[in-house]
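Accompanying notes for the structure given below.
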Amino acid sequence: MTGEACIVIKRAAKSYGDIRALEGIDLEITPGECIALIGHNGAGKTTLIKLILGLVRPTSGTVSVMGQFPGTSGFVSRRRDIGFLPEQAIFQGSLTGLETLTFYARLKSAPTQSLDQLFEKVDLVKAAGRKVSTYSKGMRQRLSLAQALIGKPRILVLDEPTTGLDPDSRARVYAIIEESKAEGVAVLLSSHALTELEARADRVAILHHGRLRACSSIPELRKRAGLVPQLHIRAGRDQMSALARHFAERIVPGRFVNGVAVLDCPAQDKLIMLKEVLNLGLAIDDISLAEPDLEQIFSAYIDRTPAQ
Amino acid sequence: MKQIFVIALKEVQDGMRNRWVILIALSMAAFALILALLGSVPTGMTKISSLAVTVVSLASLGIFFIPLISLLLTYDSIVGEAERGTLILLLSYPIARWQVIAGKFCGALVLLFLAVALGYGSAGIAIGLTAETAFTEQAWSSLAKLLLSSVLFGAVFLSLGFLISATLRERGTAAAAAIGIWLVFVLLYDMGLLGLLASDAGKTIGTETLIGLLLANPADAYRMLNLVGNDETAILSGMAGLSLERQISAVAPIAVMVAWIALPLASACAIFQRRQV
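Next comes the structure, spelled out in structure tokens:
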């Protein structure tokens, strides 16, 4: 489900006094799309999120969310359509999970009967009647996610939704995101868990020192970073030297260690390379093809552009 | 309007849950009873109903106690939420910032009313039941006036508490500012005024000016409202001198307190609106 962009950011900049938190940000998010925001701590992720929520105003440039500037008083009621999960899931310990969500549902004028489904969705049905102070970190995080889903928002802004969660809960979070996407919700999530995002984000926005270094799909980022997949071959010592002789120019320098040869293998030449290796007729113990992961892509984009 | 109600409800719920109301009410009742029992011994005036004596004691207690509990209730309402990180979530909801303050103010007002009513009310009833004067002939109207004016007086400091909380960036400084405000209004202002009067020796400052200066301080306005407004209590409190020379109507002290509520609260809203979160 795609359509007109519901979040449009044009050349937006935000300064706090002398500190330039964001500069020249251009970003569009359409319904049904999931954009992952990655960057170091202090790269400007949270400021960008605050800009979208209308909690801070841009110093220059424009931000438009659902066709409106999020800093105006008229936007206040539009916030009903935004679900936000803050970086730290802090709730009042003295209230129960249900009381907490009831409060937020009332603020959003959402029906409180639908909260049962939310508790089910985040697997907190049994804990709903317990005080939040007895919750584990993961449970609070899930309560926070349930909070963001109140009132079926059209935009979900999730600031590190999987921090502190076990693998099971992480999978659940991504299943919920997937479900929301299918319903046409635009999802913006920030994360440090880069490997998780691989198959889950439609586009990845790399933020570094307040600037957007790149914003594309992962294969596209990979291609533009010039990172090529690598072929790892493990074989006996004598076999390896034969291999080394054949691929003398193509072996990655310094990557011929521990009995594993690392060969650059351009995406379009994968089959040719494999055929070439097989044709050598060597006794190979193991062979694997590794695509550069998001972590490597991230480093490539950050290293290339010097800090200001 | 609904948003304000939702926030107010949450505040009341919190105040009940963390036993704030019951603790404050209990300590107020305890103080009030001690003061009342001690206070009725040395007066030696059998004509005066014992509740009137108590009202004087309670009002004197209130001047110190009510600003303190009111400031405690609100000094960290904004800055505390900002520090804990819950403010950013709250402001991402469909609620305007002034509505947050208005809601919290209403909630705090309800809590204050409950605490004062329970504290003063229980003390009043206890005295009414044990005193020689018939229960129905007691100075109940004075007690009712005390109760309402105490809530109004407390609201001034709730409002000042919001101003501190919306302006300052750290809880620690907000707490220090709250204590400072308490000191100024409750102690320093009157001491300064006394010093001024003593050095002036009645040359330039007439009664008119004195009453004006006294009224400007909400604590003194509260004192006048409760101690001067009634002949019985005025004599008991030693404030009769002021009231005999010039009869002060209840309107001026009430107007002063309302102004002291409205201005800080409006400033708190304006400052909060511009606050960087």
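The listed protein sequences correspond, in order, to chains A and X.
Per our numbering, the very first residue in the first sequence carries number 11; after that it's consecutive.
Per our numbering, the very first residue in the second sequence carries number -1; after that it's consecutive.
Backbone N, C-alpha and C define an ideal beta-carbon position, used for all residues, glycine too.
All of these numbers come straight from a predicted model, not from anything done at the bench.
Item                                                                                                                                                            : Value
At 9 Å on the CB atoms, spell out the chain X contacts of A:Leu63, in chain order.                                                                              : Ile86, Leu89 and Ser90
Is X:Ala115 near X:Thr72, with beta carbons less than 7 Å apart?                                                                                                : no
Leaving out five residues on either side along the sequence, give the residues of the same chain with a beta carbon under 7 Å from the beta carbon of X:Arg273. : Ala164
Pick out the complete alpha helix (DSSP H) segments inside the segment 55 to 116 of chain A, 4 residues or longer, and give them in chain order.                : 55 to 63
Along the segment 94 to 105 of chain X, what residues have a CB closer than 7 Å to any CB found in chain A?                                                     : Ala94
Within 10 angstroms of the Cβ of X:Glu79, are there 16 or more other Cβ atoms? Answer buried if so, exposed if not.                                             : buried
Please list, in chain order, the residues of the segment 71 to 94 of chain A that have any C-beta partner in chain X closer than 8 Å.                           : Ser83, Val86, Ser87, Arg88, Arg89, Arg90, Ile92 and Phe94
Would you decide whether A:Ala311 is buried or exposed? Buried here means 16 or more other CB atoms lie within 10 Å of its CB.                                  : According to the sequence provided, residue 311 of chain A is Tyr. The question's Ala does not apply to it. Flag for A:Tyr311 reads buried.
Using a Cβ cut-off of 7 Å (strictly closer), state whether A:Pro163 contacts chain X.                                                                           : no
Identify which residue in A:Glu130, A:Arg244 and A:Phe79 has its Cα closest to the Cα of A:Ile186.                                                              : A:Glu130
Note down, in chain order, each residue of its chain lying with its Cβ closer than 8 Å to the Cβ of A:Lys280, except the 5 sequence neighbours on either side.  : Pro239 and Leu299
Just to confirm before moving on: does the CB-CB distance between X:Val10 and X:Val108 stay below 7 Å?                                                          : yes
Give me the DSSP bridge partner(s) of X:Tyr118.                                                                                                                 : Per DSSP, none; premise fails for X:Tyr118.
Within 10 angstroms of its Cβ, does A:Leu273 collect 16 or more other Cβ (buried), or is it exposed?                                                            : buried
In chain A, which residues lie less than 8 Å from X:Val4 when you measure between Cβ atoms?                                                                     : Phe113, Arg116 and Leu117
Under 9 Å Cβ-Cβ, which residues of chain A neighbour X:Asp12?                                                                                                   : Gln102, Ser104 and Leu105
If you measure from the beta carbon of X:Arg82 to each beta carbon in chain A, is any gap under 7 Å?                                                            : yes
Identify which residue in X:Ile209, X:Ala176 and X:Trp180 has its Cα closest to the Cα of X:Leu192.                                                             : X:Ile209
With DSSP as the reference, identify every bridge partner of A:Tyr26, one or two as the case may be.                                                            : A:Ile29
Does any CB atom of chain A fall closer than 7 Å to the CB of X:Asn16?                                                                                          : yes
Assuming A:Asp295 and A:Ala245 form a contact by the criterion Cβ under 8 Å, report the distance between their Cβ atoms to the nearest whole angstrom.          : 5 Å
Taking the alpha carbon of A:Ile307 as the reference point, which residue from A:Arg260, A:Arg232 and A:Leu128 has its own alpha carbon closest?                : A:Arg232
Tell me the DSSP secondary structure of A:Arg223 in three-state form.                                                                                           : strand
Would you kindly work out how many angstroms separate the C-alpha atoms of A:Asp126 and A:Arg150, rounded to a whole number?                                    : 16 Å
Could you work out which residues of chain A lie near X:Lys201, taking near to mean beta carbons separated by less than 8 Å?                                    : Correct list: empty, because the minimum Cβ distance to chain A is about 52 Å.
Using three-state DSSP, classify X:Lys201 as helix, strand or coil.                                                                                             : coil
Quick check: is the beta carbon of A:Pro68 nearer than 7 Å to any beta carbon in chain X?                                                                       : no
Could you confirm whether any beta carbon from chain A is found closer than 7 Å to the beta carbon of X:Val275?                                                 : yes
Using a threshold of 7 Å, state whether the C-beta atoms of A:Asp169 and A:Glu286 are closer than that.                                                         : no
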